[in-house]
Amino acid sequence: MKDMPKVYDHESVEAKWYEKWESSGYFHAKPNPEKTPFTIVIPPPNITGKLHMGHALDNTLQDAIARYKRMAGYEMLWLPGTDHASIATEVKIVEALAAEGLTKKDVGREGFLKRAWQWREEYGTTIVKQLRKMGSSCDWDRERFTMDEGCNRAVVKVFKSLYDKKLIYRGDRIINWCPDCKTALSDAEVEYESQQSHLWHIRYDAPDKSYSIIVATTRPETMLGDTAVAVNPEDPRYKDIIGKTVVLPLVNREIPIVGDEYCEMEFGTGAVKITPAHDPNDFEVGRRHDLPIIKVFDERGTINENGGAYQGQDRFECRKNIVKDLEASGNLVKIEDYTHNVGTCYRCHTTIETIVSKQWFVDMKPLTEPALEAVRSGAVKFIPDRFSKPYFNWMENIRDWCISRQLWWGHRIPVYYCDDCGGTFCEETAPEKCPICGGKLRQDEDVLDTWFSSGLWPFSTLGWPDKTEELDYFYPTTTLVTGYDIITFWVSRMITFGMEVMKKPPFANVYIHGLVRDSQGRKMSKSLGNGIDPLEIIEKYGADPLRFSLVTGNSAGNDMRFYWEKVESARNFCNKVYNAARFVLMNIPEDADTHIREELLDTADKWILSRLNEITRSVTDNLEGYELNLAAEKIYDFIWSEFCDWYIEMAKSALYGEDLDRKQTVCAVLIRVLSVSMQLLHPFMPFITEEIYQQLPGHEETIMLSSWPKAEETDKYARECAAMEIIMELVKSIRNIRADLKVPPAQRISVRIVSEKPEELTGTEGYLLKLAGVEKTDISRERGTVLKSDVHLVCNGAEAFIPLASLVDLEKERERIGKEIERVQGDIARANAKLSNEKFVQKAPEAVVNEERRKLQNAADMLQKLQQRLQTLQD
RNA sequence: GGGGUUAUAGCUCAGCUGGUUAGAGCGCCACGUUGACAUCGUGGAGGUCAUUGGUUCGAUUCCAAUUAAUCCCACCA
Numbered sequence: 003m004k005d006m007p008k009v010y011d012h013e014s015v016e017a018k019w020y021e022k023w024e025s026s027g028y029f030h031a032k033p034n035p036e037k038t039p040f041t042i043v044i045p046p047p048n049i050t051g052k053l054h055m056g057h058a059l060d061n062t063l064q065d066a067i068a069r070y071k072r073m074a075g076y077e078m079l080w081l082p083g084t085d086h087a088s089i090a091t092e093v094k095i096v097e098a099l100a101a102e103g104l105t106k107k108d109v110g111r112e113g114f115l116k117r118a119w120q121w122r123e124e125y126g127t128t129i130v131k132q133l134r135k136m137g138s139s140c141d142w143d144r145e146r147f148t149m150d151e152g153c154n155r156a157v158v159k160v161f162k163s164l165y166d167k168k169l170i171y172r173g174d175r176i177i178n179w180c181p182d183c184k185t186a187l188s189d190a191e192v193e194y195e196s197q198q199s200h201l202w203h204i205r206y207d208a209p210d211k212s213y214s215i216i217v218a219t220t221r222p223e224t225m226l227g228d229t230a231v232a233v234n235p236e237d238p239r240y241k242d243i244i245g246k247t248v249v250l251p252l253v254n255r256e257i258p259i260v261g262d263e264y265c266e267m268e269f270g271t272g273a274v275k276i277t278p279a280h281d282p283n284d285f286e287v288g289r290r291h292d293l294p295i296i297k298v299f300d301e302r303g304t305i306n307e308n309g310g311a312y313q314g315q316d317r318f319e320c321r322k323n324i325v326k327d328l329e330a331s332g333n334l335v336k337i338e339d340y341t342h343n344v345g346t347c348y349r350c351h352t353t354i355e356t357i358v359s360k361q362w363f364v365d366m367k368p369l370t371e372p373a374l375e376a377v378r379s380g381a382v383k384f385i386p387d388r389f390s391k392p393y394f395n396w397m398e399n400i401r402d403w404c405i406s407r408q409l410w411w412g413h414r415i416p417v418y419y420c421d422d423c424g425g426t427f428c429e430e431t432a433p434e435k436c437p438i439c440g441g442k443l444r445q446d447e448d449v450l451d452t453w454f455s456s457g458l459w460p461f462s463t464l465g466w467p468d469k470t471e472e473l474d475y476f477y478p479t480t481t482l483v484t485g486y487d488i489i490t491f492w493v494s495r496m497i498t499f500g501m502e503v504m505k506k507p508p509f510a511n512v513y514i515h516g517l518v519r520d521s522q523g524r525k526m527s528k529s530l531g532n533g534i535d536p537l538e539i540i541e542k543y544g545a546d547p548l549r550f551s552l553v554t555g556n557s558a559g560n561d562m563r564f565y566w567e568k569v570e571s572a573r574n575f576c577n578k579v580y581n582a583a584r585f586v587l588m589n590i591p592e593d594a595d596t597h598i599r600e601e602l603l604d605t606a607d608k609w610i611l612s613r614l615n616e617i618t619r620s621v622t623d624n625l626e627g628y629e630l631n632l633a634a635e636k637i638y639d640f641i642w643s644e645f646c647d648w649y650i651e652m653a654k655s656a657l658y659g660e661d662l663d664r665k666q667t668v669c670a671v672l673i674r675v676l677s678v679s680m681q682l683l684h685p686f687m688p689f690i691t692e693e694i695y696q697q698l699p700g701h702e703e704t705i706m707l708s709s710w711p712k713a714e715e716t717d718k719y720a721r722e723c724a725a726m727e728i729i730m731e732l733v734k735s736i737r738n739i740r741a742d743l744k745v746p747p748a749q750r751i752s753v754r755i756v757s758e759k760p761e762e763l764t765g766t767e768g769y770l771l772k773l774a775g776v777e778k779t780d781i782s783r784e785r786g787t788v789l790k791s792d793v794h795l796v797c798n799g800a801e802a803f804i805p806l807a808s809l810v811d812l813e814k815e816r817e818r819i820g821k822e823i824e825r826v827q828g829d830i831a832r833a834n835a836k837l838s839n840e841k842f843v844q845k846a847p848e849a850v851v852n853e854e855r856r857k858l859q860n861a862a863d864m865l866q867k868l869q870q871r872l873q874t875l876q877d
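Under this note's numbering, the first residue of the first sequence carries the number 3, and numbering increases by one thereafter.
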């Protein structure tokens, strides 16, 4: 007999096992030479550090899969992803920031910039995606990780190899530029604001004034950089003048009129001025028509030497002056009010400029073909499969990838320039001096896109380009777990680089999960303040309930909303499991004999063992198919609804009885069922299952090293299961009728059961007594004398008569039977309709037809009994 | 504009390759503390499976269209 508290204490149990597992080296274990299943790297199930929920989900699924696979004898690698790894380094950086007294305002300023570069030296190559976000305060996004020198080597090596193959090139590209912060911004960093402005209509005249064209623009100052006017080639208004020129007012530069589809006839005047240097669309048009690119702004947003008379003016001041001058020259035709979206810097809300600059690109086409083939051939499988669609869509329409970023942190592009002779060199290690003229070299200031190095993650983290044991063993891995939001950014690039560098895909399966949203379905974000700290959940309800609530109640790839109620109900399940175990442990002797002697098993024992076998099979199948939610829900239902609600209740009569053999048998069955249940549940609730498992007799070793339960193929107790079905149905019916007739719980009743095979129900009387408040029961084949005052229950395979003379209202009883008859007649009608349909009988599979016949037979039997009973009541 | 996803009980969601009396959790109603558990038990109410067509003996499930949400990409002179 054990003395255990009534309520499960998650805190102490989690702390205990966390510590034990950690000291046993079960976390972050290195592969060992024997390549045993132990080599799987397991992340702590507890979540350390403050993570966003999305990451917690990732961790949780990753971990649940790893645990299952390990117990099932699989091997799997879990490595910290880009989001989780080097919290320590981040803390260092942020602390350093704070120590410097740097705040949000300093970000982007000289002082910060200097420090940032210094840190980059100091910490080696630390990738920080959008470090400026981090610099804003100590409350930062966790979207960064540290690469050790080995990873840096990998990055440089891959870059050089692509460079040498001429798959990396330098080209012009339009980027977003904040003139205030003086940095480039990614598209994601640009926030659009609706602004009240104007649409200025400006007339550009022909050199000889024989024709003119009116363009509409929201940004008249950019006309200084115009190099063409575009019209739609189909536009009848302008068809004739395509190929001719007009003179740019104020500047007096002659520019061509080009025909381009981009220009919509309906918008404005149907003519667009083209400024390739300062507008992404114009840039594309310029490229198609081979137009010159004239930059008119400098990095501060003031007009440069190309602006002629306007040089040195601020861009907004210049706009006013230009408008004024155009008005004076008579070229300004009209001013319309106009509301449009203007890109602003997410940080300082300065209107951004788009300017042309030199960037590095990867020519993706030759690289994507093998990566596409890897998925087409099934070497890499997305789970669920539908996520291969966006992958194909992205890869088949791949564009050249701009990999240079104007950030302060990251792997610097390994390209060196000689200012003396103008040479450009890509080298793995920085050359001392120019190999051509011996001049001084200057490394490219830009860093690589985060995803470039992240794409190398499957092998760079394992030591490539060295031939390491880890690499040999863990490349490729089994499964990648990640969210659908980074399929194109990350997954596609890992596969691409994997095929290019390793000639093999990095993993066989990609398990895609959704995002955790708040209870209103919004993405959790810092700016909304609706993020939930997993540690808070763990503290309140425990790590097991958190994990369980994240795995259940939604299917792969779908987003889920976070509800405290859900965690609470998972916590309740924990308590249920704990109390079931408590019951078992309190009732078994210390030295319990766990051997199950088959000859001593009764109907209920055989039923629960049979159910256990079935659940083992289906949980295993679901896990194999990555249907984690179904697996978790099935073991949940089994434990709660079958083991606790039925078997434990039925076990009590044996446990409290005198028969020692029965007692031993029931104990052994209880232990077996509980132990296997814990194994099946363990991937989803690691702590509580470990705790219970090791308290059961004969389990000194961690549950993590036990092998996954194996289901038997045959269902050898089918007969007992059928009998149990009858018993359970009877119990439910009796409970129902008691509730209906308001029989007080304390009042015992007697029941007479009539069955065609009474021998199969023999030995189960005790269960009726225990579960349905029955004090006397009698099972026989004969119907005997039925009294009017007997309540009559009919179920599949048995009838029950309950003498409740004082309580039965004959009228109501007739009504009840009448309703039953109606229901059964409905069943009969439904089955008949199907069976009388010739085509159904002809075309439906035999099993389905037989099932329908069986239903009809059952219903007919019941109908007959019910009618007989009704007859009795009416006599 | 291109490509996805979703629509099932009051709420949040399951339902694998078409055949179920359509399920769960939470919430709601009634009853209940007999010795695992009130973080519990027993019973109950609640759904025309978004709409319309089609395929089929049979559609919540497959196909098409519609409507409404939503995401990614491209773009908004």
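Beta carbons are placed, not taken as given, at the ideal position from N, Cα and C, and that holds for glycine.
query, result
"contact_flag[the stretch 373-382, the stretch 419-429] where n(CB pairs < 8 Å) is 3 or more", "no"
"Ile324 vs Ala273 beta-carbon contact at 9 Å", "no"
"Where the beta strand (DSSP E) through Ser521 begins and ends", "From DSSP, Ser521 is part of no beta strand (DSSP E); its letter is neither H nor E."
"Exposure label - Ile438; buried when at least 16 CB within 10 Å", "exposed"
"Backbone CA spacing between Trp492 and Ser455 [nearest angstrom]", "10 Å"
"Neighbourhood of Val15 by C-beta, 7 Å cutoff - its chain only, sequence neighbours within 5 removed", "Phe689, Ile690, Glu693"
"The ligand HEM heavy atom lying under 8 Å from the CB of Ile539", "This structure lacks the ligand HEM, and indeed carries no ligand of any kind."
"Cα-Cα separation, Met680 to Val364", "51 Å"
"Trp466 (DSSP reduced to helix, strand or coil)", "coil"
"Limits of the alpha helix (DSSP H) - the one that Thr667 falls within", "662-683"
"Backbone secondary structure at Gly110 - three-state DSSP", "Residue placement at Gly110 is poorly supported in this model, since its pLDDT is 36, which falls under 50; the coordinates still yield a value, given next. Coil at Gly110, not helix or strand."
"Option nearest Gly332 by Cα separation, candidates His203, Ser735, Lys654", "His203"
"Complete runs of the alpha helix (DSSP H) confined to the stretch 765-808 [at least 4 residues]", "767-774"
"Between the CA atoms of Ala846 and Ala833 - distance to the nearest angstrom", "14 Å"
"Lys857 versus Asp829: straight-line alpha-carbon distance, rounded", "8 Å"
"Pairwise C-alpha distance: Lys836 and Leu868", "24 Å"
"Pick from His684, Leu552, Glu660, Leu548 that is closest to Tyr70, judged by C-alpha positions", "His684"
"Selected residue, minimal CA-CA separation from Val231, among Thr220, Ile276, His200", "Ile276"
"8 Å contact criterion, which Met562 and Gly533 should meet: CB distance rounded", "Actually they are not in contact, since the Cβ atoms of Met562 and Gly533 sit about 15 Å apart, beyond 8 Å."
"Under 9 Å between C-beta atoms of Thr605 and Thr463", "no"
"Whole-Å CB distance - Ile415 paired with Ser406, under 8 Å assumed", "6 Å"
"Residues near His12 by beta carbon distance below 8 Å, same chain, minus five either side", "Tyr543, Gly544, Ala545, Asp546, Pro547, Arg573, Cys576, Phe689, Ile690"
"For Leu611 and Lys712, the rounded distance between their alpha carbons", "13 Å"
"Thr229: first and last residue of the uninterrupted alpha helix (DSSP H) it sits in", "Premise fails: Thr229 is in no alpha helix (DSSP H) and is neither H nor E."
"Boundaries (first-last residue) of the beta strand (DSSP E) holding Pro258", "255-261"
"Where the beta strand (DSSP E) containing Phe363 begins and where it ends", "355-364"
"Inter-residue Cα distance where the pair is Ile751 and Val579", "32 Å"
"Closest Cα partner of Tyr10 within the set Ala582, Cys265, Gly270", "Ala582"
"Beta-carbon gap between Thr490 and Val512 smaller than 9 Å", "no"
"Anticipated Cβ contact below 8 Å, Leu875 with Ile819, distance rounded", "7 Å"
"The stretch 217-226 contacting the stretch 277-294, beta-carbon criterion three pairs below 8 Å", "yes"
"Terminal residues of the alpha helix (DSSP H) in which Leu169 lies", "Where Leu169 is concerned, there is no enclosing alpha helix (DSSP H), given that its DSSP letter is neither H nor E."
"Whole-Å CB distance - Thr356 paired with Pro282, under 8 Å assumed", "6 Å"
"Contact check, Glu722 vs Trp642, beta carbons under 9 Å", "no"
"Rounded C-alpha distance that separates Ser25 from Trp19", "10 Å"
"Check whether Ser893 and Phe550 have beta carbons under 9 Å apart", "In the structure displayed, the chain extends from 3 to 877; residue 893 sits before or after that span and is not available."
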